[in-house]
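Below is one structure, written out as structure tokens, with a few remarks after it.
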Amino acid sequence: MILFPAIDIQGGKVVRLLQGKFDEVTNYSDDPVAMAEKWVAQGASWLHLVDLDGAKTGRIANMQTVLRVARAVPVPVQMGGGIRTKEDIAQLIEGGVSRVILGTKVVEDTTFLLDMLAAWNDKIAVSLDCIDGKVTKLGWTDTSDILAVDFAKELELLGLKCLIYTDVARDGMLTGPNYEGLKALLEATNIPVIASGGIADIDDIKKLKSLESRGVIGAITGKAIYEGRLDLKEALALC
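In our numbering, the protein residues as written are 87 to 325.
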């Protein structure tokens, strides 16, 4: 299982939101590159970047910051937030991003995903951000009527190879992931899943690791490592 330190970028700074709320923000660093280097120095083998401004506005706002991070570290980087066009994806991949995460665009247009998978295959992932089992979009500000499990089944039929599952209500709360929702997803599809949202401590890492045989290939941790609740080196040793 791969453990991904999260670097959420807003206005060029490293921040964390609470439950995806843009008015509940904590600033952790003015230097995303230095933060990326810190996590890599502690042993991270992948990094997870989010352009929060892009997620909210629907247009990548921190492209150059993301590319600077991708070029600065010797490990692969995945990135999501505001990616809506083939040109966005091409610029990111050509700039050194190893995996591009799509969200709102796919919820609104699954044909777009099909085309992007044809072009880039396993360099494409989809973020399934949910509230009460339903898919959200537009930076978690709009909840659809689409059930997460049903949408995941549709994505599997399209050939998706990587799904990032987040229970938005758990994100930044340090209350543990939504294991019930995660297990429902694992039972419904065979898509490899990266779990995100709510990781609080080393026990959550152990629980997620125990689900590796059922399809959990990774976990994203944010607030827990920024607040010192989870020691990254210790967690990586378990993965």
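Each residue gets a CB set at the ideal place from its N, CA and C atoms; glycine is no exception. None of the values given here were measured: they were computed from a predicted structure.
Counting C-beta neighbours from all protein chains within 10 Å, is the total for residue i 16 or more, i.e. buried, or is it exposed?
i	result
Gly97	exposed
Gln164	buried
Thr197	exposed
Arg157	exposed
Asp215	buried
Ser131	exposed
Lys309	buried
Leu199	buried
Asp117	exposed
Asp139	buried
Thr171	exposed
Between residue i and residue j, is the Cβ-Cβ spacing less than 8 angstroms?
i	j	result
Val235	Leu271	yes
Gly219	Leu233	yes
Leu135	Ile93	yes
Gly182	Val212	no
Ile277	Pro91	no
Leu133	Val101	no
Asp257	Gly106	yes
Ala286	Gly314	no
Tyr265	Lys293	yes
Ala147	Gly166	no
Ala122	Val155	yes
Trp206	Ile250	no
To the nearest whole angstrom, what separates the beta carbons of residue i and residue j, a pair I think is in contact under 8 angstroms?
i	j	result
Ile306	Ile288	No, Ile306 and Ile288 are not in contact; Cβ-Cβ is about 16 angstroms, not under 8 angstroms.
Asp137	Val152	6 angstroms
Ile210	Val186	6 angstroms
Asp208	Lys247	5 angstroms
Gly284	Asp253	7 angstroms
Quick check on the DSSP output: the beta strand (DSSP E) that includes residue i runs from which residue to which?
i	result
Ser282	Val279 to Ser282
Met202	That residue, Met202, is in no beta strand (DSSP E); its alpha helix (DSSP H) goes Thr196 to Trp206.
Gln164	Val163 to Gly166
Asp94	Ile88 to Gln96
Ala321	Note, Ala321: premise wrong, no beta strand (DSSP E); alpha helix (DSSP H) at Leu318 to Leu324.
Ile217	Ile210 to Ile217
Can you name the start and end residues of the alpha helix (DSSP H) that residue i belongs to?
i	result
Ile311	Lys309 to Tyr312
Arg154	Met149 to Ala158
Leu244	Ala234 to Leu244
Leu272	Tyr265 to Ala274
Ile285	Counting along the chain, Ile285 falls outside any alpha helix (DSSP H), and DSSP gives it neither H nor E.
Under 7 angstroms from any heavy atom of the ligand GDP, does the C-beta of residue i make it?
i	result
Lys124	This structure lacks the ligand GDP; in fact it carries no ligand of any kind.
Quiz item: Taking contact to mean at least 3 C-beta pairs separated by less than 8 angstroms, is the region 282-300 in contact with the region 108-121?
Solution: No: fewer than three Cβ pairs fall under 8 angstroms.
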